[in-house]
Every structure is written in C-alpha cells, then in structure tokens.
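Let me begin by presenting the structure, written as structure tokens, before commenting on it.
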Amino acid sequence: MSSQGCIFCKIIAGEIPSSKVYEDDMCIAFNDLHPQAPTHILIVPREHIASLDEATDDHRPLLGHLLFCAAKLAREKGFSENGYRLVINTNDAGGQTIFHIHVHLLGGRQFIFPPG
Ligand code: 5GP
Ligand code: ZN
Numbered sequence: 047m048s049s050q051g052c053i054f055c056k057i058i059a060g061e062i063p064s065s066k067v068y069e070d071d072m073c074i075a076f077n078d079l080h081p082q083a084p085t086h087i088l089i090v091p092r093e094h095i096a097s098l099d100e101a102t103d104d105h106r107p108l109l110g111h112l113l114f115c116a117a118k119l120a121r122e123k124g125f126s127e128n129g130y131r132l133v134i135n136t137n138d139a140g141g142q143t144i145f146h147i148h149v150h151l152l153g154g155r156q157f158i159f160p161p162g
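Everything in the sequence shown is counted per our numbering, starting at 47 for the first residue and increasing by one.
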C-alpha cells in the first residue's frame with residue numbers, strides 16, 4: 047500500500063533516486079539528503095504508515111524490525127560500540143516533516159541530551 051504524493055513511497059518505488067544502503071522485504075534504508083551527522087541513514091518500511099501515531103497492533107513486528115535493522119546497520123558501519131542515536135520524529139511538535147514513518151540512524155559524532 048502506498049500513498050500518492052509521498053516522497054518516501056516514491057523512493058521505495060524507485061521513482062525518486064536515493065542512495066540506498068540496505069533493503070529487505072519489509073524495509074529499505076538510504077542516506078538522508080541533508081545529513082545531520084557523518085552517517086545519517088533513514089530506515090523506512092515499504093508499507094506507508096504516516097507516523098508512529100498511526101501504527102497499529104499489526105505493526106508491532108515491523109516496528110521491531112526497523113529497530114533491529116538500525117542496530118545491524120550501526121554495527122556494519124562500525125560505530126555501534128562508540129554509540130549512536132536513533133530518532134523517530136512524530137507529528138508536528140515532534141519535528142516530523144515527511145509523513146511516512148521512518149527511523150533516523152545517526153552516527154559518527156557525539157550527541158547530547160535532551161535534543162533540541
Ligand atoms: P523527519 O523530519 O520527517 O523526521 O525526517 C525527514 C528526513 O527526510 C529529513 O532528515 C530530510 O532531510 C529527509 N529527506 C527529505 N526529502 C528527502 C529526499 O528526497 N531524499 C532523502 N534521501 N532524504 C530526504
Ligand atoms: Zn509513503
């Protein structure tokens with residue numbers, strides 16, 4: 047299922063180019079267009095889910111899969127021992143700008159908490 051006009055659905059469909067780093071039957075991962083860290087990857091489910099707020103009970107395995115893939119990518123990129131940051135911006139006050147759920151994987155620099 048895709049949503050018309052959704053940039054990430056278009057990337058998944060190959061209609062918009064992206065720098066893909068991983069894909070499987072449930073998700074794809076590609077480099078963020080405007081990286082906020084030396085490594086900034088977006089892990090995106092193939093299914094269009096507008097935000098974490100829209101995830102249902104049926105999406106529990108998919109949500110776990112996204113986190114598992116993020117951890118795997120961090121290990122492959124070599125910064126898992128040093129540490130990294132996962133972010134899921136949710137709805138307007140959460141800073142979400144693309145309404146197709148995605149996990150940001152940021153690595154390669156020191157992060158502070160709380161974030162802005
Ligand atoms: P959000 O603000 O919704 O949490 O994150 C959306 C992210 O998507 C932003 O970090 C933004 O830089 C990235 N982004 C927006 N448009 C594109 C695009 O066309 N290609 C890629 N690779 N990233 C994009
Ligand atoms: Zn979408």
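Note that the Cβ used here is the ideal one computed from N, Cα and C, for glycine as well.
Per-residue DSSP class, three states only, for residue i
| i | result |
| --- | --- |
| Leu108 | helix |
| Cys52 | coil |
Contact check, residue i vs residue j, beta carbons under 9 Å
| i | j | result |
| --- | --- | --- |
| Ser49 | His94 | yes |
| Arg189 | Pro91 | Absent from the model: residue 189. The displayed extent of the chain is 47 to 162, so no value can be given. |
| Asp71 | His150 | no |
| Leu113 | Val133 | no |
heavy atom of ligand 2 below 8 Å from residue i C-beta
| i | result |
| --- | --- |
| Ile134 | no |
| Ser64 | no |
| Cys115 | no |
| Ile58 | yes |
Residue i burial status per 10 Å Cβ neighbour count (16 or more: buried)
| i | result |
| --- | --- |
| Ile158 | exposed |
| His148 | buried |
| Pro88 | Reading off the sequence shown, one finds Leu at residue 88, where the question assumed Pro. Classification for Leu88: buried. |
| Ala117 | exposed |
| Gly124 | exposed |
| Gly140 | exposed |
Near ligand 1: residue i beta-carbon under 8 Å from a heavy atom
| i | result |
| --- | --- |
| Ile95 | no |
| Phe157 | no |
| Asp78 | yes |
| Thr85 | no |
| Ile89 | no |
Legend entry - contact_flag[the stretch 104-122, the stretch 137-144] where n(CB pairs < 8 Å) is 3 or more: Inter-segment contact for the stretch 104-122 and the stretch 137-144 is absent: fewer than three beta-carbon pairs are separated by less than 8 Å.
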